[in-house]
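First to last, the sequence lines map onto chains L and D.
Offset between the first sequence (1-based) and the working numbering: plus 19.
Offset between the second sequence (1-based) and the working numbering: plus 19.
Cβ coordinates follow ideal geometry from the N, Cα and C atoms, glycine included.
Quick notes on the structure that follows.
Number of protein chains: 2
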Amino acid sequence: MLAFTGSRLDRADNDRADPERLAGYMNWRARLLALDGLMPGMDQAGALAWGTLADAPEDAELVFLGLDGGKPCFACVPAAGDAAPRLANPAVWQAMASLTPDDLAIYGGARSIVDWHARHRFCAQCGGTTRIAKGGWQRECNQCAASHFPRTDPVAIMLVEYDGRLMLGRGKGWPEGRFSALAGFVEPGESIEEGVAREVLEESGVKVRDVTYIASQPWPFPSQLMIGCHGYADDDALVVDETELAEIRWFTREEVAASLAGDGPFAAPPAQAIAHHLLTWWRDR
Amino acid sequence: MLAFTGSRLDRADNDRADPERLAGYMNWRARLLALDGLMPGMDQAGALAWGTLADAPEDAELVFLGLDGGKPCFACVPAAGDAAPRLANPAVWQAMASLTPDDLAIYGGARSIVDWHARHRFCAQCGGTTRIAKGGWQRECNQCAASHFPRTDPVAIMLVEYDGRLMLGRGKGWPEGRFSALAGFVEPGESIEEGVAREVLEESGVKVRDVTYIASQPWPFPSQLMIGCHGYADDDALVVDETELAEIRWFTREEVAASLAGDGPFAAPPAQAIAHHLLTWWRDR
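Structural data, given as structure tokens:
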């Protein structure tokens with residue numbers, strides 16, 4: 020199973036829009052996810068720590084995460100969002116490594132949405148202040164009444180294959196030897212498949228065809244939907260986009276397998292990343 | 020080919036971030052997409068109309084759409100965005116019907132992005148004013164320097180099958196007899212497949228399994244990425260979510276085929292919608 024998927028919470032979507040039912044959930048049985056800013060609070064066993072609503076500041080904005088075996092679960096919007104939201108930081112990775120898959124999914128979803136609230140306290144349409152609504156699945160402008168919804172950004176991440184070898188790239192600023200699948204945001208006006216073809220052409224100069232979907236994963240830094248794809252190239256001649264990438268190389272199946280096993284020509288992406296899953300899929304194909 | 024895909028423009032992504040190259044594109048050869056607010060301007064042949072940059076107001080915010088056979092193409096951000104951005108309006112549908120697929124793709128992409136700019140003149144983080152950047156593929160806050168990026172919202176739209184019959188729903192407020200695939204936004208913290216399962220359970224009470232991806236389409240009202248999927252149900256007992264749907268029914272392959280041909284028990288979705296494509300895929304499966 021992919022990291023950040025498989026949350027045990029029932030989002031109880033319909034209850035969010037029902038103020039009475041939502042108010043009813045804010046009771047003594049409700050659990051509040053322990054967060055230090057955006058970092059997960061952990062108990063002594065290394066699981067996510069939970070408190071009660073009494074732990075929240077009086078003026079706190081509370082997000083309804085869902086029901087856990089009937090128990091309402093909330094998280095508190097922190098004072099500030101992630102200052103560099105596109106990057107995961109080492110402390111988060113360390114915490115992530117100790118969480119069970121189930122806890123990781125709950126933390127990831129909660130982090131994305133409370134971070135969104137922290138960075139959307141004003142209305143993009145008129146500049147007015149906004150307030151939380153529908154249990155945290157909406158914000159409303161106090162001035163122009165515009166509604167705003169949590170954001171999820173689709174990102175295409177792709178394995179491109181030519182003659183039995185796989186194209187992997189090393190991003191600018193990455194350590195020597197670390198390689199992963201190319202990726203980029205799907206833009207307004209394009210399908211997933213068109214996004215894949217554009218990104219690959221832009222970053223590598225390679226034309227890609229026969230794009231297929233493999234798997235998807237939510238990625239909470241800050242809130243991407245990673246859409247994993249595979250495609251074929253007709254040529255292996257590279258024109259590397261040096262504004263984004265340090266290098267691109269083609270790797271054989273044996274090299275990919277060895278690297279996934281920790282003993283190959285490149286450092287593979289971490290197990291939590293969909294890129295790892297995609298490489299494993301390709302190795303076993 | 021799905022409507023709104025297949026644009027002939029080269030987005031020339033790398034040039035957006037290069038102020039010199041971008042300034043060089045703003046020349047006498049550049050073309051300006053004719054828009055009346057968000058409505059497409061059309062020439063006498065029913066094609067998209069284009070002018071020159073001289074047609075833009077002096078203080079216009081210009082979005083670089085890409086290169087058309089080397090010619091730089093721009094669109095102007097209108098005074099106001101779509102007031103009801105989730106709904107296409109009849110005048111747009113009429114205009115859409117006369118455009119070639121290629122023109123429709125250019126219009127759809129341009130509409131999404133200029134509408135986003137028109138509704139994002141302020142910084143969601145601090146309330147300050149923002150200015151256009153990177154040829155319209157970014158906005159920057161004049162106050163806190165936050166960067167903002169055009170938004171694309173992933174929506175799962177799904178065919179759910181049980182015992183050779185397909186689940187289709189009629190939305191609240193839709194005319195009698197009009198049915199389509201269920202759909203809903205993929206939320207932070209879930210994969211596409213999890214979004215499909217949650218939406219189906221929430222709207223129909225039906226558990227879905229073995230979800231597979233079929234196709235995707237950009238939808239410019241205002242800027243969705245429609246992700247078409249298929250899944251199987253283990254049961255056909257329905258618990259309809261009456262806050263969102265007027266009714267749900269199960270249709271046989273023959274009924275779907277007849278309805279797509281205009282002579283069946285329900286009015287099928289229009290050819291431009293991915294739902295139409297999905298139904299056709301299922302009919303021919």
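For a cutoff of 9 angstroms on Cβ pairs, would you count residue i as touching chain D?
i: L/Q236; result: yes
i: L/V275; result: no
i: L/R228; result: no
i: L/A165; result: yes
i: L/A129; result: yes
i: L/S26; result: yes
i: L/W112; result: no
i: L/D32; result: yes
i: L/T299; result: no
i: L/I125; result: yes
I'd like to know whether the C-beta of residue i is nearer than 9 angstroms to at least one C-beta of chain L.
i: D/W156; result: yes
i: D/C92; result: no
i: D/F23; result: yes
i: D/W135; result: yes
i: D/I132; result: yes
i: D/R304; result: no
i: D/A73; result: no
i: D/A36; result: yes
i: D/R197; result: no
i: D/T119; result: no
i: D/R138; result: yes
Specify the secondary structure class of residue i as computed by DSSP and reduced to three states.
i: L/M186; result: strand
i: D/S223; result: helix
i: L/P97; result: coil
i: L/L51; result: strand
i: D/L113; result: Just to set this straight, residue 113 of chain D is Gln in the shown sequence, not Leu. Helix at D/Q113.
i: L/E266; result: strand
i: D/A152; result: strand
i: D/T119; result: coil
i: D/P59; result: strand
i: L/L41; result: helix
i: L/L297; result: helix
i: D/G70; result: strand
i: L/A124; result: helix
i: L/E261; result: coil
i: D/A234; result: strand
i: L/L279; result: helix
i: L/E80; result: coil
i: L/N131; result: Reading off the sequence, residue 131 of chain L comes out as Ser, not Asn. Three-state DSSP puts L/S131 in a helix.
i: L/H136; result: helix
i: D/R158; result: strand
Relative to the C-alpha of residue i, which candidate in the options has its C-alpha closest?
i: L/D172; options: L/S242, L/A49, L/Y44; result: L/S242
i: L/V96; options: L/R140, L/A73, L/D229, L/L67; result: L/R140
i: D/A99; options: D/L54, D/G60, D/F23; result: D/L54
i: L/L28; options: L/D255, L/D121, L/G147, L/F204; result: L/D121
i: L/W193; options: L/L118, L/A287, L/V179, L/P38; result: L/A287
i: D/A22; options: D/G146, D/I246, D/T119, D/H136; result: D/T119
i: D/I151; options: D/D78, D/P109, D/M115, D/R272; result: D/D78
i: L/P207; options: D/R40, D/P109, D/A294, D/I125; result: D/I125
i: D/A202; options: D/E209, D/K191, D/E218; result: D/E218
i: L/H249; options: L/W112, L/E263, L/A234, L/A256; result: L/A234
i: L/L81; options: L/Y181, L/V258, L/L41; result: L/L41
i: D/A68; options: D/N46, D/F93, D/Y44; result: D/F93
i: L/L279; options: L/L264, L/H296, L/A110; result: L/H296
i: D/T71; options: D/Y44, D/Q63, D/W238, D/I176; result: D/Y44
i: L/V230; options: L/T149, L/E221, L/T148, L/G214; result: L/G214
i: D/W269; options: D/D282, D/R189, D/P239; result: D/R189
i: D/D254; options: D/C163, D/Q291, D/R184; result: D/R184
i: D/D182; options: D/R50, D/A49, D/R272; result: D/R272
i: L/A64; options: L/A116, L/D134, L/I246; result: L/A116
Based on the DSSP secondary-structure assignment, which residues constitute the bridge partners of residue i?
i: D/R197; result: D/A286
i: D/V174; result: D/F204, D/M245
i: D/Y181; result: D/R184
i: D/A252; result: D/V227
i: L/K90; result: L/D87
Is residue i near the ligand COA, going by C-beta to nearest heavy atom under 8 angstroms?
i: L/V111; result: Ligands in the displayed structure: none, and consequently the ligand COA is not present.
Can you give me, in chain order, the residues of the region 239–259 of chain D that have a beta carbon less than 8 angstroms from any beta carbon in chain L?
-> Listed by position along the chain: P239, S242, L244, I246.
When you check each C-beta in the region 40–66 of chain L against every C-beta of chain D, which residues fall closer than 8 angstroms?
-> none
Quick one: which residues of the region 141–154 of chain L get their C-beta closer than 9 angstroms to a C-beta of chain D? List them in chain order.
-> F141, C142, A143, Q144, C145, G146, G147, T148, T149
Give the residues from the region 272–296 of chain L that approach chain D closer than 7 angstroms (Cβ to any Cβ), ordered along the chain.
-> none
Near-chain L residues of the region 201–223 of chain D - C-beta to any C-beta below 8 angstroms | F204, V205, E206, P207, G208, E209, S210, I211, E212, E213, R217, E221
Would you list, in chain order, the members of the region 168–187 of chain D that have their beta-carbon closer than 9 angstroms to a beta-carbon of chain L?
-> F168, P169, R170, T171, D172, P173
Residues within the region 78–102 of chain D neighbouring chain L, beta-carbon criterion of under 9 angstroms = Taken in chain order, the members of the region 78–102 of chain D whose beta-carbon sits within less than 9 angstroms of a beta-carbon on chain L are L84, G100.
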